[in-house]
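Peer 1:
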Amino acid sequence: MTQVDPNISRAWHRPVLGAAVLTMGVLLNGTNAGAGSVDKAAFGNTQDGKAVELYTLTNDKGASVKFITYGGIIKEINVPDRWGRLGNIVLGFKELADYETKNPYFGALIGRYGNRIGGAKFSLDGTQYQLAANNGPNSLHGGNKGFDKVVWAVEPQTDANGAAAKLSYTSKDGEEGYPGTLTAQVIYTLTNDNELRIGYEATTDKPTVANLTSHSYFNLAGDGMGGIGDHILTINADRYTPVDATLIPTGELASVTGTPFDFRQGAPIGARIRSSDPQMVYGRGYDHNFALNRSGDGLSLAARVYEPRSGRIMEITTTEPGIQFYSGNFLDSTLVGPTGQQYRQTDGFCLETQHFPDSPNKPDFPTTMLKPGETLKSTTVHKFSTDAP
Ligand code: BGC
1452 MTQVDPNISR AWHRPVLGAA VLTMGVLLNG TNAGAGSVDK AAFGNTQDGK
1502 AVELYTLTND KGASVKFITY GGIIKEINVP DRWGRLGNIV LGFKELADYE
1552 TKNPYFGALI GRYGNRIGGA KFSLDGTQYQ LAANNGPNSL HGGNKGFDKV
1602 VWAVEPQTDA NGAAAKLSYT SKDGEEGYPG TLTAQVIYTL TNDNELRIGY
1652 EATTDKPTVA NLTSHSYFNL AGDGMGGIGD HILTINADRY TPVDATLIPT
1702 GELASVTGTP FDFRQGAPIG ARIRSSDPQM VYGRGYDHNF ALNRSGDGLS
1752 LAARVYEPRS GRIMEITTTE PGIQFYSGNF LDSTLVGPTG QQYRQTDGFC
1802 LETQHFPDSP NKPDFPTTML KPGETLKSTT VHKFSTDAP
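Basically this note's numbering = 1-based index in the sequence shown + 1451.
#1: Of the choices Gly-1717, Gln-1716, Phe-1712, whose alpha-carbon is the least far from that of Arg-1725?
#2: Apart from the five residues just before and just after Gly-1594, which ones in its own chain have a Cβ nearer than 7 Å to its Cβ?
#3: First and last residue of the beta strand (DSSP E) that includes Tyr-1506?
#4: Using three-state DSSP, classify Ala-1661 as helix, strand or coil.
#5: Hey, would you say Ile-1679 sits closer than 9 Å to Ser-1778, going by beta carbons?
#6: Can you give me the Cβ contacts of Ala-1688 inside the same chain, cut-off strictly under 7 Å, excluding the 5 residues immediately before and after it?
#7: Quick check on Thr-1664: buried or exposed, where buried means 16 or more other Cβ atoms within 10 Å of its Cβ?
#8: Please state if the CB of Phe-1494 and the CB of Leu-1547 are separated by a distance shorter than 9 Å.
#9: Enumerate in chain order the residues of its own chain whose CB-to-CB distance from Ser-1574 is below 6 Å, with the five nearest sequence positions on each side excluded.
#10: Taking only three categories from DSSP, how would you classify Ser-1784?
#11: Give me whichever residues DSSP pairs with His-1682 in a beta bridge.
#12: Tell me which residues pass a beta-carbon proximity test against the ligand BGC: closer than 5 Å to any heavy atom, given in chain order.
#13: Using only alpha-carbon positions, find the residue among Arg-1755, Arg-1715, Pro-1700, Ala-1754 that is nearest to Gly-1734.
#14: Can you name the start and end residues of the alpha helix (DSSP H) that Pro-1729 belongs to?
#15: By Cβ distance, which residues of its chain are closer than 8 Å to Thr-1497, with the 5 residues on each side in sequence left out?
#16: Expressed to the nearest angstrom, what Euclidean distance is found between the alpha-carbon atoms of Leu-1478 and Ala-1616?
#17: Roughly how many whole angstroms lie between the Cα atoms of Ile-1720 and Val-1832?
#18: Ignoring anything shorter than 3 residues or poking outside the region 1687-1773, list the beta strand (DSSP E) runs there in chain order.
#19: Can you tell me the Cα-Cα spacing of Ile-1528 and Thr-1797, whole angstroms?
#20: Around the C-beta of Gly-1523, are 16 or more other C-beta atoms found within 10 angstroms, so that it is buried, or is it exposed?
Listed below in structure tokens is the structure:
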């Protein structure tokens, strides 16, 4: 499979028959020649008594992705550095209780609406819908109990080129104020080419809005290795969406030329992060959506990140029109990672592929409306590699 085949997202979402699972031999709690393995272990109970499991996807190179059924949270991504040593490159917690009580969305699936909706309300077909204002006057990442805080049903999937699992969740009509029953499925695949592919699908029984994403905080030097200022970031975007003081887009698509938002040629994240550009002051750093330069409807390059010490490279391709670059500005030392390390501002960065923030209130932005009979389909691929030793 190549990264740029526009048919991938469709082929990939096809349901796998139970019989195929047996004959292809992707086994739960066991290893499997060639196709990678999917393992499952208990990860405790939520405060309201729901069992949570930890899944591990391992490919034939030994790289792995660990995620929990609570929030679909990606807890670890273990990929090689330039010397072939595996290391975890995402921030997280050791215990479920920390994910339940203080998670700034580490690794989580985000829905129904990734990013902000201004004034925590929107109108559809003449009806106004009120959402939870959980971020100043705005609604952030799906409200008080978004997709990051529900327990997803998980089924291992057959994939000849890696290890995969399907996560499903049905959000009831009216949940968090959104209209329509939203049936969501997400497939995580770790391919034998060290790509983490995230495929999203959703359907509804009433007109609604949806914007699904994933919220890993990356540090390609390794979790707990300090700041991300030296990472060299490239974003394939000529324009970004400036925001007001509450981080809601003004509606303008502004040129990145001559601003700290010009990452077209690659620049260290830290180089301009203390710029006095008012946009950087609003976000306390980068917390902005970039309008991607796209070619066609298929997977298209969104961003590339290179970390010079480890040699690790992450390349992100997506079918989405935008990407939120968030430089971990609100991390503070009250958050403690799995090996006891304190997290601080800019110890991790997020690159959240998405439709633009506040699209339900911005008719000129690509629409996030979903109607009965339609299927939301979205794919994002994180390809991990390294420079030469
Ligand atoms: C938002 C930030 C927010 C963070 C929460 C990001 O997606 O853009 O403003 O603070 O999520 O972890």
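A virtual CB, placed ideally from N, CA and C, is assigned to each residue, including glycine. If you're wondering where the values come from, they're calculated on a predicted model, not measured in any experiment.
Peer 2: Taking the structure as given:
#1: Within the sequence shown, the letter at position 274 stands for residue 1725. It is Phe-1712.
#2: Position 143 of the sequence shown, counted from the start, is the residue given in the question as residue 1594. Only Leu-1582, Ala-1583, Asn-1585, Glu-1627, Gly-1628 meet the Cβ criterion.
#3: Position 55 of the sequence shown, counting from 1, holds the residue named residue 1506. Per DSSP, Tyr-1506 belongs to the beta strand (DSSP E) from 1502-1509.
#4: Translated into positions along the sequence shown, residue 1661 becomes position 210. Coil.
#5: By one-based count along the sequence shown, residue 1679 stands at place 228. By one-based count along the sequence shown, residue 1778 stands at place 327. Yes. Within cutoff.
#6: The sequence position of residue 1688 within the sequence shown is 237, counting from 1. Excluding positions up to five away in sequence, the list reads Val-1707, Phe-1741, Ala-1742, Leu-1743, Asn-1744.
#7: Your numbering for residue 1664 matches position 213 in the sequence shown. Answer is buried; the Cβ neighbour count reaches 16.
#8: Sequence index remark: in the sequence shown, residue 1547 carries index 96 (1-based). Sequence index remark: in the sequence shown, residue 1494 carries index 43 (1-based). Yes.
#9: Start at 1 with the first residue of the sequence shown, and residue 1574 comes out as number 123. Nothing listed; no residue qualifies.
#10: Locating residue 1784 in the sequence shown gives position 333, counting from the first residue. The answer is coil: DSSP assigns Ser-1784 none of H, G, I, E or B.
#11: Residue numbering aside, residue 1682 sits at position 231 when the sequence shown is read from its first letter. DSSP output for His-1682 lists no bridge partner at all.
#12: Pro-1555, Tyr-1556, Asp-1738, Tyr-1777, Phe-1781
#13: Taking the sequence shown and counting its residues from 1, one reaches residue 1734 at position 283. Among Arg-1755, Arg-1715, Pro-1700, Ala-1754, the Cα nearest to that of Gly-1734 is on Pro-1700.
#14: Here the question's residue 1729 lines up with position 278 in the sequence shown. 1729-1733 is the extent of the alpha helix (DSSP H) around Pro-1729.
#15: Sequence index remark: in the sequence shown, residue 1497 carries index 46 (1-based). So the qualifying residues of the chain are Val-1503, Tyr-1521, Leu-1547, Glu-1551, Val-1602.
#16: As a first step, residue 1478 is located in the sequence shown; it is residue number 27 there, counting from the start. As a first step, residue 1616 is located in the sequence shown; it is residue number 165 there, counting from the start. Low per-residue confidence applies at Leu-1478: pLDDT is 45, beneath 50, and the placement is therefore not dependable, though the value from the model is reported in the following sentence. Roughly 11 Å between the two C-alpha positions.
#17: For the purposes of this step, residue 1720 is taken as the residue at position 269 of the sequence shown. For the purposes of this step, residue 1832 is taken as the residue at position 381 of the sequence shown. Taking the straight line from one Cα to the other gives about 21 Å.
#18: 1690-1692, 1738-1742, 1751-1757, 1763-1769
#19: Residue 1528 sits at position 77 when you count from the first residue of the sequence shown. Residue 1797 sits at position 346 when you count from the first residue of the sequence shown. Rounded to the nearest angstrom, the two C-alpha atoms are 19 Å apart.
#20: Position 72 of the sequence shown, counted from the start, is the residue given in the question as residue 1523. Label assigned to Gly-1523: buried.
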